[in-house]
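Residues in the sequence shown are numbered consecutively from 1, following the UniProt record's numbering. Below is one structure; the comments refer to it alone.
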Amino acid sequence: MQMNALRRELSEGLCPLPETFTALIRLFGSKGFSTRGLELLGAMEKLTFDIRLAWLVLIEELIRSNHLEDANKVFLKGAEGKLKASDEIYDLLIEEDCKAGDHSNALTIAYKMEEAGRMATTYHFNCLLSCQAILALDRFMLLATCGIPEIAYATFENMIYGDDTMKPNTETYNWIIQAYTRAESSDRVQDVAAVLGMMVEDYRRVQPDVRTYALLVECFTKYCSVREAIRHFRALIKIDGGIKVLYNEGNYGDPLSLYLRALCREGRIVELLEALDAMAKENMTIPARAMVLSQKYRTMVSTWIEPLQTEADVGYEIDYIARYIEEGGLTGERKRWVPREGKTSLDPDVAGFVYKNPLETSFRQRCVENWKRYHRKILRALRNRGPSLLGDVSESEYVRVVEWLYHVLKRPNKNALKPKAASKMVVSELMEELEAQGLPTDGNRSVLYQRVQKARRINRSRNKPLWVPPVEEEEEEIDEEVEELVSRVRLEEGNTEFWRRRFLGECLDAEYGKSATIEVEASDVSDDPDGSEDATKQADDDEADKEEALEQTEGQSGDTEVVKDKEAVAANPLQMIGVQLFKGDNTPARSKKSQKRLARIAMENDDDEDWFPEDIQEALKELRNRKAFDVSDMYTIADAWGWTWEMELRNTPPRRWSQQWEVELAVKLMAKVIQLGGKPTIGDCAIILRAAIRAPYPSAFLEILRITHSLGYVFGGPLYDEAITLCLDLGELDAAIAIVTDLETSGISVPDETLDRIIQDKQTTRANVNGTSL
C-alpha cells in the first residue's frame, strides 16, 4: 500500500521527502526485502538525496529481522560506493557475523572499517577469536583449514604486538584457551601452558575470571595434568557459582564429571571430598556420568580402595547368567564398555580423555607417593640451603638425616611388583602360581610352563593384574630422633618474599655459616614440580645404574680421577641460579690435573662480563650493580592471581596412610554422594566393609551397614557373621549387639550360633565385672 502511494506521488510529479523513503526502507528491511530497499536507495540517489542514513537503517533492520546474509550484501554494496557506516553498525555486523560463524564476512567488514579510518580494537579482535574458537570445535572444518587454533593464535599475536587499544584482555585469553582446549587435533596442553604464562606475566593489567579458571580446569583434566587442575579448581570454587560454570550443563565432555573421575582414578580422595563439598554448597546434584568408573560394579565411592578393578565379595554366590539376562544380554540391549556402532557405550571415557586415560592409583599408593614427594623436597632443601634448616645440629646429625631421607626415597615400591619370568621359574613356583589362580597343577614342567603363560596372556587381555607371590610387608622403621629433626625443616616453596630476600643476600649468613659434607649420593633425587611420578621412578633406576657403573669403574681401573669427577658432578645438583653460580665453600675438592684444566678453560673464555667474585654476598652485590635482574619480576602465579592459600598447602606435610583413615574417608564420601543424589552400588558398600574389617575398625561397621540397608541392599550371611565375629574377638561386645539389633530391625535373620556366642560373651563379661567388684 505504501509503495502504491509513493508511485502515485511520483506520477503526479510530486517529490517525496527523504523521511518518506527512509520510512519505506525501514519497513522493507523489517520484512527482509533487501532488493526493494536497494531499489529505493537507487531512487533516492537519482533525486540527489543523501542515502547514507537510509542505508544504515536498511542494514540495521535486516540484522534485527535475522536476515544477516542480506545485510552483509547491502553493506558491501554501499561500502564499494564509498559510503561510511557508523561505529554501531560496524560493531553490530562484526558481532553478529561472528556469532553466526561467518568468519570471512566478519573479517571483510573489519577491513572495510579500517579502510574507513577506524582501527580495530580489542572488542573486534575478541569477536573474531570467538568465531575462530567455535570453528575449532568442528572436526570437518578443522580438517579443511588445517588447524583453527593456530589461526586464533595468529590473531592473538597481532593483538599482543599492537596498540594499546587492541591489547588482549581476559576475554581474549579465554577464547585462546578454549580454542586449544576443545580442538581435537592433538595434545594442546603445552600450548595452553604457554598462553597461561603470558597471561600471568601480564597480571598487572589482566586478571582471570570464573570462565578462565573453568577452562583451565577443563584443559588440565582432559590432558591428565591433575595437579594443575586441582590448583585452578581451588581458585574456581572461591567464586560464587564457579562450579556451575565448570559443569556447563554437561556440554563439551562434561568437564565437572571428568574432574571428579580423574581425582578418583588417581586416588586423590581428600580433593574429591573438597569438590563434592563445593557442589553441595551450590545445591548441585552429582552427574550420572561421574559415578560410572569401573567394570566391576563399583563407582567413585570405592574404586580407589585396594584391590582395584576387583568385584566385591558381597557374601553370597552371584548368578552371573541371571544378571546377564537382567541387563539385556539376550536382547542385545546390554551396554558394553567397548563402543558399538549405534549403541550407547557404558565407558564414560569415550568422550573425555581423548589422548590418554589417567592412571589408576589407589589411595594408599597416592599417600606413599605424596610422602616421597615431600621427603624429596626436604632433601633438596637440605642440599641447597645447608644444615641451618635443622637448627643447632652437628655435622653427624645432618648426615644422618640425609642418609635416612635417601633410604626412604630408595625404598622399593610394593605396588609395582612384577611376576618372575616363567622360563626362569622352577616347578614348585609354577605350581604355586597355578594353584593360587585355581588352575590345575598336574603335568610335567613343560605343561605347567605353557599353562602359566596362557593364564598370563588371558589376564593381560582382560586388563587384570598378573599374579605375583605374596610378599611379607616389612614394618616401616620409625626413627623418632630423625623425624623430629626433619619436622624442623620449614619449606619455603612458593614464598616469593623469602626467595626475594635470599637473592638479595639478606638470609644467606645463617645458611652458609656452616658446611657439611654429604657422603651419600642423592643428586638424582629431585623434586617433581610437574607431578611426573614416572620421572621419579626413572631417576631411581638411573641412580642404581650409576652406582653400579661406578663400582665397576673403581674395580677395573686404578686411576680414581674419573670416579672423583663423577662424584663431584653428582654431589652438585642443579639449583637456583643464585646458588648455582656462587657456591662459596661448598665447592668439592678436585685433583691438580682437573684444576689445571679448568684454569686453562677459564683463561681461554676470560670475559669481564662473566666474571664474578667468589664470595656469594659480593657476587650478588655485583649482580645488582650490573642490573642483571630485577627483584620486582620475581613472582609466582599465586602472587599474580592472589592465591593466598596455596603456599600453606604446598608446604604442609602430608598425612600418613592408615586403613582406619581410609575407611573414615570412604564412609564420608559415601554419605556425601548420597546427599548429592548419587547411589552407590552394593559392591561399593561391600568393599568399604571389607576395608573396615581389615583395619580392624569395629566402630564403623554399624554405620556402613545402616547406609547399606537404607539403600535397599542386603549382604550374604557369611559377611555379617564375619563382622560380628570380629567384634567379639576384639572384645567389642557393644558393637556386635548393635549390629545384630540393626539386622533384626531390617528384617535380616541372624544365625542362632551367632546369637548364642553373643549371649555367652555377654554373660562372661558380666561375671568378670561382678568378680572384680567383689
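Using N, Cα and C, we set each Cβ at its ideal position, and we do this for glycine too. Remember, it's a predicted structure, so these values are computed and weren't measured experimentally.
Does the Cβ of residue i have 16 or more other Cβ atoms within 10 Å, making it buried, or fewer, making it exposed?
| i | result |
| --- | --- |
| E19 | exposed |
| L574 | Residue placement at L574 cannot be trusted, given a pLDDT of 35 that sits under 50; the coordinates are not used to answer. |
| Y180 | buried |
| E282 | exposed |
| A549 | Residue placement at A549 cannot be trusted, given a pLDDT of 39 that sits under 50; what the coordinates show is reported in the next sentence. Under this definition A549 is an exposed residue. |
| V447 | exposed |
| K668 | exposed |
| V468 | exposed |
| G747 | exposed |
| K112 | buried |
| A322 | exposed |
| R211 | buried |
| V408 | buried |
| A638 | buried |
| T741 | exposed |
| P613 | exposed |
| T745 | exposed |
| A106 | buried |
| Y161 | exposed |
| S362 | buried |
Write down the C-beta distance between residue i and residue j rounded to the nearest angstrom, noting that I regard them as a contact closer than 8 Å.
| i | j | result |
| --- | --- | --- |
| G32 | D70 | 7 Å |
| L379 | L389 | Not quite, the Cβ-Cβ distance comes to about 11 Å (not below 8 Å), so this is no contact. |
| E266 | V226 | 5 Å |
| I707 | A671 | 7 Å |
| L40 | L24 | 6 Å |
Whole angstroms are fine: how far does the CA of residue j sit from the CA of residue i?
| i | j | result |
| --- | --- | --- |
| L466 | L258 | 28 Å |
| M647 | G494 | 5 Å |
| V393 | V217 | 44 Å |
| L293 | D347 | 8 Å |
| V57 | Y90 | 13 Å |
| L485 | Y374 | 15 Å |
| G386 | D277 | 42 Å |
| L142 | L359 | Unreliable placement is indicated for L142, whose pLDDT of 35 sits below 50; the coordinate value is still reported in the next sentence. Distance between the alpha carbons of L142 and L359: 30 Å. |
| Q453 | Q437 | 13 Å |
| Y252 | I325 | 34 Å |
| F503 | L620 | 7 Å |
| R757 | A700 | 21 Å |
| L260 | K167 | 36 Å |
| E249 | K46 | 56 Å |
| K762 | V750 | 17 Å |
| A280 | K244 | 11 Å |
| V197 | D615 | Rather than Val, the amino acid found at residue 197 in this sequence is Gly. Taking the straight line joining both Cα atoms gives about 34 Å. |
| R52 | T285 | 55 Å |
| G101 | A133 | 10 Å |
| I151 | S185 | 14 Å |
| L711 | K679 | 8 Å |
| I458 | I724 | 38 Å |
| W55 | H103 | 23 Å |
| A262 | R445 | 44 Å |
| G328 | D752 | 40 Å |
| V579 | E506 | With a pLDDT of 30 at V579, under the threshold of 50, the predicted position of this residue should be treated as unreliable, and no value is reported. |
| L755 | I739 | 11 Å |
| I237 | R231 | 11 Å |
Are the beta-carbon atoms belonging to residue i and residue j less than 8 Å from one another?
| i | j | result |
| --- | --- | --- |
| L246 | A214 | yes |
| G315 | Y697 | no |
| I63 | E96 | yes |
| K84 | S34 | no |
| W657 | C264 | no |
| T155 | P208 | no |
| Y203 | A640 | yes |
| Y153 | D187 | no |
| L491 | N384 | no |
| I674 | S302 | no |
| I94 | A79 | no |
| I305 | A691 | yes |
| R298 | T681 | yes |
| residue 776 | F75 | No information on residue 776 is available, as it lies outside the stretch 1 to 774 that the chain covers here. |
| E432 | K420 | no |
| V482 | V401 | yes |
Answer yes or no: the CB of residue i versus the heavy atoms of the ligand MN, is any distance below 7 Å?
| i | result |
| --- | --- |
| I148 | Of ligands this structure carries none, so the ligand MN is not represented either. |
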